[in-house]
Structures are given as C-alpha cells and as structure tokens.
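Heads up: the sequence lines are chains A and B, in that order. For the first sequence, the positions run 1 to 212 when the working numbering is used. For the second sequence, the positions run 1 to 10 when the working numbering is used. Taking it in order: structure first as structure tokens, then the write-up.
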Amino acid sequence: MNIFRFLGDLSHLIAIVILLLKIWKSRSCAGISGKSQALFAVVFTTRYLDLFTNFISFYNTGMKVVYIACSYAMVWMIYSKFKATYDGNHDTFRVEFLVAPTAILAFLVNHDFTPLEILWTFSIYLESVAILPQLFMVSKTGEAETITSHYLFALGVYRTLYLFNWIWRYQFEGFFDLIAIVAGLVQTILYCDFFYLYITKVLKGKKLSLPA
Amino acid sequence: GDESTLKDEL
Chain A
1 MNIFRFLGDL
11 SHLIAIVILL
21 LKIWKSRSCA
31 GISGKSQALF
41 AVVFTTRYLD
51 LFTNFISFYN
61 TGMKVVYIAC
71 SYAMVWMIYS
81 KFKATYDGNH
91 DTFRVEFLVA
101 PTAILAFLVN
111 HDFTPLEILW
121 TFSIYLESVA
131 ILPQLFMVSK
141 TGEAETITSH
151 YLFALGVYRT
161 LYLFNWIWRY
171 QFEGFFDLIA
181 IVAGLVQTIL
191 YCDFFYLYIT
201 KVLKGKKLSL
211 PA
Chain B
1 GDESTLKDEL
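Spelled out as structure tokens, the structure:
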C-alpha cells in the first residue's frame, strides 16, 4: 500500500466520522441528504460482498466492516433516530436517475459477467455519483453548515488521493483498473466546484453560501 | 494489467 492510498482511506474514514459525530452531537441531521447516505450504504453493501469470499488483510476486512457499519448507522440516524430533524423537503433529487443508469452500465461494462463482479462494478459507478443528492440539496438551500463542508471536502479528497494512488500503482506495479479509474475521475470532477468554494470561502472562516 | 478478481482497494 502506498501513501496516497492510505491517506485516501484515512480521509474517507475521517469524512464519515465527521458526519456521524456532527449528527450525533447536535442531535440533528438538518442539511444532510438522507438519499446520498442511503446510496452510500448501497455502495458499501454491494462492493464488499467479497468479505464472504476473499480474505485480503485484517486492514482490508476491518475497514470494510467499519464503512458498512457507519453507513448503516448514518441511515438509521437520518431515517429513524433523528427523523424529525431530517429536511426531506429539500432532499428531492430523484435517485432512480442515478441507480438505473449505473445498474444498466454495470451490466454492459464490467470485467466479468458474474453476479459479484457486476455488483462490484455497480457500486463503483454508483459511488461516483452518490454525492449528487447532497450537492443538489446544498445548491437548493444555497448554503451548507461549515461542518458539512468539512465532510464534503474530506470525502472529495478521498477519491482525489485514490487517483494519485492509481498513477503510482500503474507506474510502479503496472497495475490499473480502468473501471475504477474512469469512475474515480468522474467522482473527483463532481467535487471540483465544491473544492473551489471550500478553499475560497470555508477556509477563510466564512460559511458556505452560494450566490442567489 | 487489468485485474478483476482480488479487490485489495476499498
């Protein structure tokens, strides 16, 4: 494992923990898209089915279990525990527009036409766009709490670091996975506009608010 | 090469 890969995983974990703590401590999930979080739970579930078929390392297994557990905890907090604070009126992105095309694409473009491989591919495609309901919600309300901005930034940094990891692996191991790379590029590009706002506003101590 | 079986990444 190279440093980019490790920092990417760490950044991903930090993002998830930031959001869990924010919701838990404030007893509120206002401003958080339950749809994006539900999509992430689907992403982790469909991707990590190999927990039952392959053992890679304790690190690999441990992280997978933590990601899955955290994603379900998040969904439970938003749709059950703190349901009263969930801002469903602003969480109106149509998820079928993300799930259906990525599912079809996973059937058409994959490494191997087997159930586990198709589900893995679906999870890669779905992850690349799963944040859209959250970004849509931010653009609809025109603002995001600072802590939500930190979450989005850490989540964006994660896939960006993976891009560096893939360059490294191609260079030094001759390894590449085109499906992951293309989807990872799309995912990173979706965060670019947000990165700009984060650096120009949030880091200067301002709340992220979009011009009307 | 284009690996597909063992997924060591997360």
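Ideal Cβ placement from N, Cα and C applies to all residues, glycine included. All values reported here derive from a predicted model rather than from experimental measurement.
Is the beta carbon of B/L10 less than 8 Å from the beta carbon of A/M63?
-> In terms of Cβ geometry, B/L10 and A/M63 form a close pair [threshold 8 Å].
A/H111 versus A/E117: straight-line alpha-carbon distance, rounded = The straight-line gap from Cα to Cα measures roughly 7 Å.
C-beta neighbour in chain B for A/N60, strict 8 Å = Interface residue, yes.
On the three-state DSSP scale, how would you describe B/L10?
-> In this structure, B/L10 counts as coil in the three-state DSSP scheme.
Using a beta-carbon distance cut-off of less than 9 Å, what residues from the region 67-80 of chain A approach chain B?
-> Residues passing the 9 Å Cβ filter: Y67.
Top-ranked residue by Cα proximity to A/Y158, from A/T148, A/T188, A/W168 and A/A180 = Restricting attention to A/T148, A/T188, A/W168 and A/A180, the CA atom closest to the CA of A/Y158 is found in A/T188.
Alpha carbon of A/F44 to alpha carbon of A/S71, nearest angstrom = One C-alpha to the other measures close to 8 Å.
If you measure from the beta carbon of A/W168 to each beta carbon in chain B, is any gap under 8 Å?
-> Taking a beta-carbon distance threshold of 8 Å, A/W168 does not count as an interface residue toward chain B.
Assign B/D2 to buried or exposed, taking buried as 16 or more other Cβ atoms, counted over all protein chains shown, within 10 Å of its Cβ.
-> The predicted position of B/D2 is uncertain, since its pLDDT is 43 and thus under 50; a value taken from the coordinates is nonetheless stated next. By the 10 Å Cβ count, B/D2 comes out exposed.
Simplified DSSP state of A/A106, which is helix, strand or coil | In the structure shown, the three-state DSSP call for A/A106 is helix.
Could you name the residues of the same chain whose beta carbon sits closer than 8 Å to that of A/M77, not counting the 5 residues immediately before and after it, in chain order?
-> Short of 8 Å from the beta carbon of A/M77, and not among the five residues preceding or following it, lie these beta carbons of its own chain, in chain order: L20, I23, W24 and C29.
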